[in-house]
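Chains as they are written, first to last, in our numbering: chain A, 13 to 233; chain B, 183 to 357.
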């Protein structure tokens with residue numbers, strides 16, 4: 013795999029949320045507002061990169077028998093660090109999504125990447141894989157939470173001041189629509205997430221069709 | 183085997199050290215954040231910067247210019263629609279409500295969550311009320327407080343819980 017492949021896999025082709033359907037618990041639970049979703053996605057990205065790098069560095073040192081507990085130990089350590097970081101930066105936001113920050117440990121994306129990629133690859137590749145998979149997850153949760161906030165509350169970027177400082181309070185955008193309750197409730201999360209996966213597949217299909225068309229043109233021409 | 187186990191133990195020790203170091207370094211700031219957050223929440227309930235708070239055994243004592251003014255208590259009711267509703271209630275020594283704020287509940291979003299100030303101003307309707315001047319029930323049951331459209335259980339649980347606390351405080355004062 014080339015670095016370009018790794019990036020494309022994580023961001024799109026093998027997107028952890030949209031294709032592998034991993035980490036759905038935090039994805040669906042926290043994506044009710046853009047700031048909540050973005051912050052959780054960002055913390056997941058940090059944990060994923062750190063865990064991937066550490067596990068890649070320690071790959072020769074760990075035996076097969078103790079590999080899994082050791083990986084979980086490393087992941088749990090970084091999650092606890094991320095939890096402390098959030099309390100340090102914004103205690104109020106921690107009050108809202110703190111429960112799900114701790115649950116990043118159980119996000120299968122992280123152990124999945126450690127097992128499937130980081131422990132078999134060089135440090136640089138493991139870093140790039142963590143970065144792309146993390147960004148892929150961040151992308152999915154950011155899109156989903158923007159949709160849910162926009163449809164469910166009729167706002168965007170509310171409470172941005174909790175993480176970006178007092179001047180960010182004015183970033184809030186009030187949309188003309190009233191909130192539709194369904195989007196904020198758990199079923200709405202599932203419905204919108206389904207639509208998101210469908211759109212991704214539709215885009216892939218269009219790209220494929222265009223490529224097939226181009227191929228047949230070059231063949232006949 | 184010994185080597186394998188000791189490797190995991192070493193890893194655990196390193197992870198533990200890393201976490202304790204971070205904890206020690208961030209502890210003060212986090213505690214400060216927490217206190218600032220809590221104080222900000224409590225001050226917002228009282229809505230008056232002249233009133234100071236000192237912790238006592240079941241909440242906070244409120245002081246105005248050095249004399250006792252009232253109390254702030256953390257209460258809960260389980261009569262809501264789903265689980266416990268936890269809220270702060272601030273009252274004067276004369277039994278008048280200064281402010282109420284729900285801090286935790288699992289009522290239905292869109293129906294019962296009008297308890298939250300971020301959703302509706304309903305909770306502010308308690309400000310300035312006393313047992314003597316208001317009937318503590320929702321309008322459907324002949325009281326003075328609004329129910330929510332589609333949800334009566336949640337607001338009624340709050341109103342009745344507050345009424346009970348007020349009457350307890352009154353009987354305590356008169357003793």
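For glycine and all other residues, C-beta sits at the position ideal for the given N, C-alpha and C.
For residue i, count the other beta carbons within 10 Å of its own beta carbon; 16 or more makes it buried, fewer makes it exposed. Which is it?
i	result
residue 132/A	exposed
residue 196/B	exposed
residue 102/A	buried
residue 323/B	exposed
residue 76/A	exposed
residue 230/A	exposed
Name the chain B residues whose beta carbon is nearer than 8 Å to that of residue i?
i	result
residue 82/A	189, 190 and 193
residue 100/A	208, 211, 212 and 215
residue 89/A	197, 200 and 201
Tell me the residue span of the alpha helix (DSSP H) that contains residue i.
i	result
residue 214/A	198 to 232
residue 38/A	36 to 42
residue 50/A	46 to 69
residue 335/B	335 to 356
residue 269/B	From DSSP, residue 269/B is part of no alpha helix (DSSP H) but of the beta strand (DSSP E) over 267 to 274.
residue 29/A	Element bounds for residue 29/A: n/a, residue is neither H nor E.
residue 114/A	103 to 114
residue 195/B	184 to 228
residue 178/A	That residue, residue 178/A, is in no alpha helix (DSSP H); it is neither H nor E in DSSP.
residue 20/A	15 to 20
Would DSSP call residue i helix, strand or coil?
i	result
residue 78/A	coil
residue 146/A	helix
residue 192/A	coil
residue 248/B	coil
residue 281/B	strand
residue 129/A	coil
residue 239/B	coil
residue 256/B	strand
residue 301/B	coil
residue 139/A	helix
residue 234/B	strand
residue 295/B	helix
residue 146/B	Here chain B has residues from 183 to 357 only, and residue 146/B is not among them.
residue 169/A	coil
residue 326/B	coil
residue 161/A	helix
Which residues in chain A sit within 7 Å of residue i, going by Cβ to Cβ distance?
i	result
residue 205/B	96
residue 292/B	193
Which chain A residues are close to residue i, counting only those with a beta carbon under 8 Å from its beta carbon?
i	result
residue 219/B	103, 104 and 107
residue 186/B	75, 77 and 78
Please list the partners that residue i has in chain A, where partner means a Cβ-to-Cβ separation under 9 Å.
i	result
residue 306/B	Those do not exist, as residue 306/B stays about 20 Å from chain A at its closest Cβ, beyond 9 Å.
Cβ closer than 9 Å: which chain B residues qualify as neighbours of residue i?
i	result
residue 93/A	200, 201 and 204
residue 86/A	193 and 197
residue 123/A	By Cβ distance, chain B contributes nothing, its closest Cβ being about 16 Å from residue 123/A, past 9 Å.
How close, in whole Å, do the beta carbons of residue i and residue j come, if the pair is a contact with beta carbons under 8 Å?
i	j	result
residue 186/A	residue 167/A	6 Å
residue 144/A	residue 22/A	3 Å
residue 345/B	residue 318/B	3 Å
residue 64/A	residue 126/A	7 Å
residue 228/B	residue 244/B	7 Å
residue 294/B	residue 262/B	7 Å
residue 204/A	residue 292/B	About 17 Å; that fails the 8 Å criterion.
residue 59/A	residue 90/A	5 Å
residue 43/A	residue 153/A	6 Å
Report the neighbours of residue i on chain B: residues whose CB is nearer than 7 Å to its CB, in chain order.
i	result
residue 197/A	291
Does the ligand FMN have even one heavy atom less than 7 Å from the beta-carbon of residue i?
i	result
residue 280/B	No copy of the ligand FMN appears in this structure; indeed no ligand is present at all.
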